[in-house]
Amino acid sequence: VVAALLAACGGSPEERVQARLASAAERMEGYFPNTLLVTDEAQTVRFYDDLVKGKTVLINFMYAGCQGICPRTMGTLAKVQEALGDRVGRDVFIYSLTLDPEHDTPEVLRRHAQAVGAGPGWRLLTGRREDLEVVRRKVGLYDPDPAVDADMSQHGGLIVYGNEATGRWSAIPGLLQPASIVRAVRLVMSPAPG
Amino acid sequence: MLTRRQMLKWGAISGGALLVPVLYKGRKPMYVPSALADGDAGDFASPSSPAFVTPLPIPPLAQEVSPFSVGAGVGRFDDLTNARYYKLVEEEVQLQIIPGLPKTAVWRYRDVNDTMGASGIGPTIKATFGNLRRTNVVRVTNKLPASHMGFGVPCTTVHHHGGHIDAFADGFPENRFDGPNPLPGRVVFVPRGFPGLPEIDDEPPPAGCRECDAFLSPDRFDYVWGNQDPGWRDPPRDFFDRPSTNWYHDHFFDFTGPNVYRGLAGLIVCFDELDNGSEAARTVITTGPYAGREPLGLPSGYGRFDIPLAFTDKLFGRDAQLIYLPGNHDGFLGDRTLVNGAIQPYLRVKRRKYRFRMLTATNARFLGLFLTDEGGRTYPFDIIAHAGGLFARTLRNRDRLVTHMSERDEIVIDFSRFPRDRDTVLYLEDRLVQEDGRGPEGTNDAPVFVSRGRRLLKFIVERGDVADPSRVLDVLRPFPAITAEEKRQATRRTFEFNRTNGAWAINNRLAELDFASTAAQPRRNRGEIWHLVNKSGGWWHPIHVHLEFMRVLTRNGAEPPEEERDGSARDDTVVLGPNDEVEVFFKFRDYPGPFVFHCHNIEHEDMRMMARFDVG
Numbered sequence: 001v002v003a004a005l006l007a008a009c010g011g012s013p014e015e016r017v018q019a020r021l022a023s024a025a026e027r028m029e030g031y032f033p034n035t036l037l038v039t040d041e042a043q044t045v046r047f048y049d050d051l052v053k054g055k056t057v058l059i060n061f062m063y064a065g066c067q068g069i070c071p072r073t074m075g076t077l078a079k080v081q082e083a084l085g086d087r088v089g090r091d092v093f094i095y096s097l098t099l100d101p102e103h104d105t106p107e108v109l110r111r112h113a114q115a116v117g118a119g120p121g122w123r124l125l126t127g128r129r130e131d132l133e134v135v136r137r138k139v140g141l142y143d144p145d146p147a148v149d150a151d152m153s154q155h156g157g158l159i160v161y162g163n164e165a166t167g168r169w170s171a172i173p174g175l176l177q178p179a180s181i182v183r184a185v186r187l188v189m190s191p192a193p194g
Numbered sequence: 001m002l003t004r005r006q007m008l009k010w011g012a013i014s015g016g017a018l019l020v021p022v023l024y025k026g027r028k029p030m031y032v033p034s035a036l037a038d039g040d041a042g043d044f045a046s047p048s049s050p051a052f053v054t055p056l057p058i059p060p061l062a063q064e065v066s067p068f069s070v071g072a073g074v075g076r077f078d079d080l081t082n083a084r085y086y087k088l089v090e091e092e093v094q095l096q097i098i099p100g101l102p103k104t105a106v107w108r109y110r111d112v113n114d115t116m117g118a119s120g121i122g123p124t125i126k127a128t129f130g131n132l133r134r135t136n137v138v139r140v141t142n143k144l145p146a147s148h149m150g151f152g153v154p155c156t157t158v159h160h161h162g163g164h165i166d167a168f169a170d171g172f173p174e175n176r177f178d179g180p181n182p183l184p185g186r187v188v189f190v191p192r193g194f195p196g197l198p199e200i201d202d203e204p205p206p207a208g209c210r211e212c213d214a215f216l217s218p219d220r221f222d223y224v225w226g227n228q229d230p231g232w233r234d235p236p237r238d239f240f241d242r243p244s245t246n247w248y249h250d251h252f253f254d255f256t257g258p259n260v261y262r263g264l265a266g267l268i269v270c271f272d273e274l275d276n277g278s279e280a281a282r283t284v285i286t287t288g289p290y291a292g293r294e295p296l297g298l299p300s301g302y303g304r305f306d307i308p309l310a311f312t313d314k315l316f317g318r319d320a321q322l323i324y325l326p327g328n329h330d331g332f333l334g335d336r337t338l339v340n341g342a343i344q345p346y347l348r349v350k351r352r353k354y355r356f357r358m359l360t361a362t363n364a365r366f367l368g369l370f371l372t373d374e375g376g377r378t379y380p381f382d383i384i385a386h387a388g389g390l391f392a393r394t395l396r397n398r399d400r401l402v403t404h405m406s407e408r409d410e411i412v413i414d415f416s417r418f419p420r421d422r423d424t425v426l427y428l429e430d431r432l433v434q435e436d437g438r439g440p441e442g443t444n445d446a447p448v449f450v451s452r453g454r455r456l457l458k459f460i461v462e463r464g465d466v467a468d469p470s471r472v473l474d475v476l477r478p479f480p481a482i483t484a485e486e487k488r489q490a491t492r493r494t495f496e497f498n499r500t501n502g503a504w505a506i507n508n509r510l511a512e513l514d515f516a517s518t519a520a521q522p523r524r525n526r527g528e529i530w531h532l533v534n535k536s537g538g539w540w541h542p543i544h545v546h547l548e549f550m551r552v553l554t555r556n557g558a559e560p561p562e563e564e565r566d567g568s569a570r571d572d573t574v575v576l577g578p579n580d581e582v583e584v585f586f587k588f589r590d591y592p593g594p595f596v597f598h599c600h601n602i603e604h605e606d607m608r609m610m611a612r613f614d615v616g
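Protein sequences, first through last, are from chains A and B.
To convert, note that position 129 of the first sequence is 129 in the numbering used here; the numbers rise steadily by one, no gaps.
To convert, note that position 43 of the second sequence is 43 in the numbering used here; the numbers rise steadily by one, no gaps.
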């Protein structure tokens with residue numbers, strides 16, 4: 001870190017950018033936990049290392065039994081997945097984390113993933129409730145009013161999106177038109193790889 | 001009622017001299033500027049910084065450059081004869097903000113003539129109205145790093161906040177220049193009712209940057225700010241609707257919060273024949289609407305007795321880099337409120353009157369400012385203006401000023417009351433209690449103060465006598481209140497500002513990226529009464545409407561206080577405290593849309609509490 005900071009204060013523009021790149025990644029590593037989660041394909045994954053590091057991601061919270069805003073948000077994400085094409089699964093990933101891990105087993109999520117049309121770059125995730133809560137707070141998807149926050153039916157309909165490699169993060173309401181979300185996400189995506 | 005933890009927190013940040021170590025509990029003992037959300041707000045604290053060792057920086061006045069030809073369609077409504085031309089760049093620079101620590105990377109506007117490069121707030125642009133009117137043409141070139149890392153995006157659009165100006169120069173959040181093959185949903189700046197004026201087109205943005213529809217590095221745009229009195233197209237002109245202090249800041253869609261927080265803000269100081277910037281002038285005005293009056297004679301001399309104070313709220317990491325939490329949609333608070341880009345600066349003053357033009361350029365922090373001494377005693381001052389320009393009459397001997405994001409407030413402090421035989425130390429102190437982005441404790445009518453707050457600025461009043469030709473008259477810029485007949489004829493609309501699944505909405509609608517639909521289409525020169533309602537529980541929303549000043553008619557069904565009441569004040573942003581309902585009057589004139597109105601808690605704005613309106 002010290003070396004990175006020293007480099008950030010001097011050196012060529014290239015060195016400064018590289019130093020910031022290195023420190024940006026390290027910063028996020030310190031911020032995002034490596035919480036173990038389980039995918040709809042029953043794979044155990046580490047949140048930071050496996051899901052977020054070096055990638056552009058879209059993250060939302062939902063649950064399979066949700067009759068409120070989830071169906072619309074998931075439908076919107078399906079259209080976003082389609083619009084972003086083959087970038088999804090290469091350097092862009094979509095993660096839908098459950099608010100109801102007791103009910104949403106990997107098997108339930110597998111069926112739900114099929115129902116919403118999730119492709120290879122879109123994973124639905126469950127895990128221990130306390131682990132999911134840590135991630136939820138880390139990405140900012142909580143309400144400051146504890147009563148509202150505890151009410152699953154009022155849960156935040158935001159999609160957090162960001163590019164971990166560049167440290168560029170934001171969030172957007174999932175109730176917007178898919179085109180609005182696609183345009184916003186493109187602002188943080190890196191140029192097409194290859 | 002404050003909890004003990006809140007009290008401790010408040011105490012820890014209130015003393016100024018108290019040293020607060022960086023806390024980042026249970027995780028890496030390093031700064032985390034890429035953090036998304038605080039989760040536990042106690043996790044972050046700026047490193048200590050010595051108090052009152054830095055002189056107050058004064059942002060330089062932008063210097064005129066030779067006239068240049070502006071882009072097609074730009075300045076379509078405004079007379080460019082005798083215009084003032086300025087060139088600014090947007091850039092990233094390293095500034096020494098915390099002594100003894102590394103420099104801080106900030107974004108800022110810089111005047112191309114300014115090679116000093118030391119200011120943390122953009123250059124101040126002078127604007128003149130009425131008999132002194134000249135158009136301002138400001139070319140802004142984006143030189144922000146395209147490979148920028150971290151929060152914010154190097155795509156920008158410049159909003160002239162408080163301006164009565166062409167939509168094209170207003171900094172519309174999607175001021176897009178797509179070239180000949182526009183993306184779907186493009187906002188087309190074709191003025192309705194103006195046949196023959198060119199549709200706005202510009203060079204296509206660089207390849208691969210089609211998503212950045214505001215101008216991108218190294219793009220530039222020419223902003224033409226006409227400084228004309230409202231009603232110039234269809235007189236009578238409302239000459240009293242002249243601003244006093246405005247500001248300019250980034251307004252890029254979804255990213256205004258981080259971009260402004262990085263530093264993209266600057267002041268505009270306004271003058272006319274009445275408020276002419278000359279405190280000694282007593283020559284009676286002979287022409288125009290103020291014929292027969294003497295100039296006001298307010299304390300003058302930019303940076304001498306007419307002092308800008310721009311407040312910004314920052315949170316620093318241990319290496320002095322800015323921390324922002326893009327996952328915080330409640331409203332971002334820093335723990336250091338800077339004045340003109342400096343932490344706890346000082347200002348030496350003479351025993352005479354000073355005019356202070358204050359700009360609250362915070363993202364989500366409200367301020368409750370008092371003039372205090374070492375012992376905590378408070379002293380009164382006169383309030384002469386806020387966002388809508390000079391008040392009709394001076395508000396005398398106020399002991400506090402409660403203000404909100406985007407507001408400009410002007411006060412005159414008469415330091416001659418302090419001892420002539422010794423120096424006196426005073427502070428500008430923020431005593432308002434605010435724990436998170438929802439807003440301050442209490443209500444708009446009864447905010448909660450602490451007895452000892454955060455000292456933001458120190459005044460050292462120098463002993464001895466000086467001449468003071470300035471004055472503060474009782475009558476400043478009077479104007480007629482809206483008549484009962486005008487209210488009766490006005491078109492009425494209701495806008496409810498509410499929260500929907502973690503996002504912010506107006507009448508349950510979120511601003512779509514394409515702004516394809518409008519929330520209102522007011523007719524030109526027709527009165528409008530907007531009923532602004534906040535039913536979102538404990539949240540505060542300062543609502544800013546572009547293009548025209550508003551008149552505040554009622555607050556919660558009753559007559560508003562003098563600071564905002566029609567007949568006393570005009571405004572461009574009205575505060576909705578928890579469960580407030582406010583009625584405001586507009587008459588949109590001269591310029592067709594599109595414009596926007598939005599919450600000026602910038603995180604709420606970015607989370608889509610914004611809507612488009614077109615004037616037809």
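Glycine included, C-beta positions come from ideal geometry on N, C-alpha and C.
Query	Result
B/S14, DSSP secondary structure in three states	Low confidence applies here, because B/S14 scores a pLDDT of 31, under 50, leaving its location unreliable and the question unanswered by this model.
Euclidean distance between Cα positions of B/T372 and B/E429	7 Å
Sheet register partners of B/L309 (DSSP bridge)	B/M358
7 Å Cβ cutoff met for B/I58 and B/G341	no
B/D571 - partner residues in DSSP beta bridges	B/M550
Residues near A/S190 in its chain [Cβ-Cβ closer than 8 Å; skip 5 each side]	T56, D91, N163, A165, T166
Nearest candidate by alpha-carbon position, reference B/M609, set B/D423, B/S451, B/M358, B/G502	B/G502
DSSP three-state assignment for B/L457, whether helix, strand or coil	strand
Under 7 Å (Cβ pairs) to chain B, residues found in the segment 62-78 of chain A	I69
Chain A contact residues for B/V621, given Cβ-Cβ distances below 7 Å	The requested residue 621 of chain B is not part of the displayed model; chain B covers only 1 to 616.
Which of helix, strand or coil DSSP assigns to B/D617	No answer is possible for residue 617 of chain B: the residues shown for chain B start at 1 and end at 616.
Proximity of B/G288 and B/F549 at Cβ, strictly below 7 Å	no
7 Å Cβ cutoff met for B/F356 and B/H404	no
Residues bridged to B/W225 [DSSP beta-bridge criterion]	B/N136
Neighbour-count burial assignment, B/G208, 16 or more Cβ in a 10 Å radius	Annotation note: pLDDT 33 at B/G208 (below 50); position unreliable, no value reported.
Test: A/G156 CB closer than 7 Å to a CB of chain B	yes
Which residues DSSP lists as bridging B/F585, in chain order	B/I529, B/R551
Distance, B/V615 Cα to B/P478 Cα	27 Å
Under 7 Å from the C-beta of B/E512: neighbouring residues of chain A	L176, Q177, S180
Assumed close pair B/L369, B/R400 - CB separation to whole angstroms, cut-off 8 Å	7 Å
Start-to-end residues for the beta strand (DSSP E) that takes in B/N363	Taken as a continuous stretch (DSSP letters only), B/N363 belongs to no beta strand (DSSP E), as it is neither H nor E.
7 Å Cβ cut-off: residues of chain A touching B/M610	By Cβ distance, chain A contributes nothing, its closest Cβ being about 12 Å from B/M610, past 7 Å.
Cβ contact (3+ pairs, closer than 8 Å) linking the segment 418-426 of chain B and the segment 582-596 of chain B	no
Whether B/H329 touches B/M149 by CB criterion (7 Å)	no
Residues near B/T554 in its chain [Cβ-Cβ closer than 6 Å; skip 5 each side]	E583
A/E107 - DSSP class collapsed to helix/strand/coil	helix
Span separating the alpha-carbon of B/K487 from that of A/L97	52 Å
Cβ distance (whole Å) where B/H251 is taken to contact B/G171 below 8 Å	4 Å
Buried versus exposed call for B/T483 [16 or more other C-beta atoms within 10 Å across all chains shown]	exposed
Interface flag, B/A503 vs chain A, CB-CB below 7 Å	yes
Partner residues on chain A for B/D254, Cβ-Cβ distance less than 8 Å	S170, I172, A184, L187
Whole-number beta carbon distance between A/G121 and A/F93, since they are thought to touch under 8 Å	5 Å
Touching by the beta-carbon criterion (3+ pairs, under 8 Å), the segment 245-263 of chain B and the segment 307-326 of chain B	yes
Beta carbon of B/G376 nearer than 7 Å to that of B/R452	yes
Residues that B/F151 contacts on chain A, provided the C-beta gap is smaller than 9 Å	G167, R168, W169, S170
Minimum length 3: unbroken beta strand (DSSP E) runs contained in the segment 417-462 of chain B	424-432, 449-461
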